[in-house]
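Under this note's numbering, think of the first position of the first sequence as -8, with each following residue one higher. Just so it is clear, CB atoms sit at the ideal spot from N, CA and C, and this is done for glycine as well. Predicted, not measured: the structure shown is a model, and the values here were computed from it. Have a look at the structure below, then the notes.
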Amino acid sequence: MSELNNAESAENVTGTETEGTVSKNFIEKIIEDDLASGRVDHVVTRFPPEPNGYLHIGHAKSILLNYGLAKEYGGRFNFRFDDTNPTKEKLEFVESIKSDVKWLGADFRDEVFYASDYFDRMYDCAVDLIKKGKAYVSDLNADQIREYRGTLTEPGKKDPYSDRSVEENLALFEDMKAGKFEDGSKVLRAKIDMASPNINMRDPIIYRIARMEHHNTGDKWCIYPMYDFAHPIEDAIEGITHSICTLEFEDHRPLYDWVVIECGFKNTPEESPKQIEFAKLYLKNVVTGKRYIKKLVEDGIVDGWDDPRLVSIAGLKRRGFTADAIRRFVEISGISKSNAVADYAALEYCAREDMKFKSPRLMAVLDPVKVVIDNYPEDNEEELEIENNLENESLGKRKVKFSREIYIEREDFMEEPPRKYFRMFPGNEVRLMNAYFVKCVSFEKDETGKVTLIHCTYDPESRGGNSPDGRKVKGTIHWVNARTAGHATVRLYENLVDEEKGVYNEDGSLNLNPDSLKVIEDALVEPALMEAKAFDRFQFVRNGFFCVDYKDSVPGKPVFNRVVSLKSSFKIQ
RNA sequence: UGGGCUAUCGCCAAGGGGUAAGGCACAACACUUUGACUGUUGCAUUCGUUGGUUCGAAUCCAACUAGCCCAGCCA
């Protein structure tokens, strides 16, 4: 089967990269203006995740945006862990994030930056701030800090410790670093403006005490910088020109600029790394909340963080989505500042587009019912040569055995067909794909009324699927040879949550769809499929695109995950 | 109620004074050895609302309305 999938590397089979003319997004315009005005002469972007969880489709947007921009403008893309809070971070996450970013195709030259590598520089910056009288050590506790901060509508109050002398602050901060104070007993605050209408500017905390083993720096530090202080420094150190983040950081931009300038990296905001905010990518009726997914995993409702129903990068990958499909999806979703909720259908569209030419099209019967071709010689067996993908010759051909007994899809037969049903029913002639015309002559049912066997006759003249007398047949159905078919597990997915009623119940719990996973233990597949390897992708004709599960497949019993079904305009009248 | 941001088709999203791009979804027809793909066609007299400026406004001005974000020693 590896041969079948080889052609996956035959890129651009159609020779037309149909990217279309996509208009520039607002960030591209900012960058081009900056380049044109000479504010910058090169571009450096970054993706700075905190290693506190797994990446999901929303992160893919940020990764691909930042990487794409760097690539588009011949610049540089830095992959950096924003690991300034060891209480939430784990090595496990840095590993999974690394592999996800790599898989998505954002090339970071195997060079990983860590905010924690800059802790010494950050400490020095804080000391400088103290020396300039722009930072002070406060003994207020968390509750008091909140109280003094004021509210959205009332200004904050002056911190009683804000007038300590530079010398005292210097000594105190050094003692904080030396571990002389308990966690939470003191903080370092930037002295800005307790009355600012922007709460972020009301003497923000820039260092806190937290005795925690850090995955990178171990127990070297017991004080850690806060995001608002650390991030601009990280960007400035790396020479980031455009610091792209999400909308909720808009209010932090003045503080970002303040830190860059007060710490002496630049003289004006114009010269500083420019923080630009864009809207996150949300998918309709999809669960991304960490605590919800954690509970689903704990409750055994999903099979870990890479369950194929999840939109974690690992889940999408396991389901069978390609990085190209995800890239395309992010691309067509666009970049803007308005909160957007994309349709899952758009992701599905991208998956189909990506696989339709690249994947071999084979036959698999998910819900089999046996068919006997009465007039086909009992012991005869013949070999049909079938094109693997009619729209991509480079995928080659395969040989498929045909004999007297076959299986077809149960839903492709009806005893009493409704109008416009042109599959198999008594007296109707249909085409067995790539094989013969067959006509149903009779069928058998068990006591429950379930069809157990269908009798057909075939037209020996119609080998390959065409009749020499030019007679047409309206229906073409897929089949599998009873003698040679392999047994496989097939998993069909639906949305994890109920699409009609929305994601959450009134009590805040998830409104789960009980049918989100359907496991077919005994699907019958063409023998070629039995040799499929992990992550091989196929179109099962008329059933959709499937990908070999890398975890649960075993030799002799592959597991196929349905990535996406085929579109269908067929409705029973 | 202070500050910040956003509002163009069911969903994304261009357009920034000259008379509404594109994609997804949807619908119809054609083609079809996948009810798929492909092709053709149809899908906003209207741009959150109301006024104003102008020969002309989605674009400029004013007022309003709605939604999102901010009061972690999280990021």
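Inter-residue spacing [alpha-carbon to alpha-carbon] between residue i and residue j
i, j, result
"Val251", "Lys275", "38 Å"
"Asp294", "Pro260", "48 Å"
"Ser556", "Pro359", "18 Å"
"Leu353", "Val516", "8 Å"
"Cys236", "Ile267", "6 Å"
"Asp150", "Ile197", "15 Å"
"Glu382", "Pro351", "10 Å"
"Asp513", "Pro223", "56 Å"
"Asp248", "Glu239", "16 Å"
"Phe256", "Glu229", "11 Å"
"Glu435", "Arg528", "36 Å"
"Phe110", "Asp25", "30 Å"
"Ser87", "Ile563", "45 Å"
"Lys89", "Lys558", "35 Å"
"Val31", "Arg199", "35 Å"
"Val4", "Leu386", "In this prediction, Val4 has a pLDDT of 32, which is less than 50 and means its spatial position is unreliable; what the coordinates show is noted afterwards. The straight-line gap from Cα to Cα measures roughly 10 Å."
"Lys509", "Leu483", "5 Å"
"Ala331", "Leu272", "6 Å"
"Tyr45", "Phe84", "6 Å"
"Ala336", "Leu357", "23 Å"
"Glu522", "Gly547", "8 Å"
"His243", "Leu287", "34 Å"
"Asn57", "Ala227", "17 Å"
"Glu490", "Arg401", "27 Å"
"Lys125", "Thr142", "23 Å"
"Phe537", "Asn496", "32 Å"
"Asn457", "Tyr427", "7 Å"
Integer-rounded CB distance, given that residue j should sit under 8 Å from residue i
i, j, result
"Asp74", "Asn207", "6 Å"
"His47", "Pro40", "That belief does not hold up - the Cβ atoms of His47 and Pro40 are roughly 11 Å apart, past 8 Å."
"Asp194", "Ala186", "Their Cβ separation, rounded to whole angstroms, is 10 Å, which puts Asp194 and Ala186 out of contact at 8 Å."
"Cys431", "Phe413", "The Cβ separation is near 13 Å, so there is no contact."
"Ala270", "Ser176", "In fact, because the Cβ distance is near 39 Å, the residues do not count as touching under 8 Å."
"Arg318", "Gly96", "7 Å"
"Val103", "Leu179", "Between Leu179 and Val103 the Cβ distance is about 28 Å, and since that is not below 8 Å, they are no contact."
"Asn160", "Pro245", "Contact doesn't hold; Cβ gap of about 23 Å is too wide."
"Leu131", "Tyr152", "7 Å"
"Val442", "Val429", "About 16 Å separates the two Cβ atoms, so there is no contact after all."
"Pro518", "Thr475", "5 Å"
"Thr448", "Ile364", "7 Å"
"Lys347", "Tyr398", "Not confirmed; about 26 Å, so no contact."
"Pro299", "Asn552", "5 Å"
One or two residues paired with residue i in a DSSP bridge
i, result
"Val363", "Glu396, His446"
"Ser234", "Gln266"
"Tyr215", "Arg199"
"Arg389", "Ile377"
"Ser433", "His446"
"Val532", "Bridge partners of Val532: none, in fact."
"Leu179", "Val128, Tyr198"
"Arg568", "Because the chain is modelled from -8 through 564, residue 568 falls outside the range shown and cannot be assessed."
Boundaries (first-last residue) of the alpha helix (DSSP H) holding residue i
i, result
"Asn57", "48 to 63"
"Cys116", "110 to 122"
"Cys341", "335 to 346"
"Ser28", "17 to 28"
"Ala162", "157 to 168"
"Val85", "82 to 94"
Residue i, enclosing beta strand (DSSP E) - first and last residue
i, result
"Glu372", "372 to 378"
"Leu143", "Per DSSP, Leu143 belongs to no beta strand (DSSP E) and is neither H nor E."
"Leu423", "420 to 423"
"Ser129", "126 to 129"
"Arg410", "Neither: Arg410 is in no beta strand (DSSP E) and is coded neither H nor E."
"Val539", "535 to 539"
3 or more residues per run - each beta strand (DSSP E) lying fully within the stretch 245 to 332: If we require 3 residues or more, the beta strand (DSSP E) runs fully inside the stretch 245 to 332 come out as 265 to 269, 272 to 274.
Contained beta strand (DSSP E) runs [length at least 3] in the stretch 455 to 527, N- to C-terminal order: 470 to 472, 477 to 484, 508 to 516
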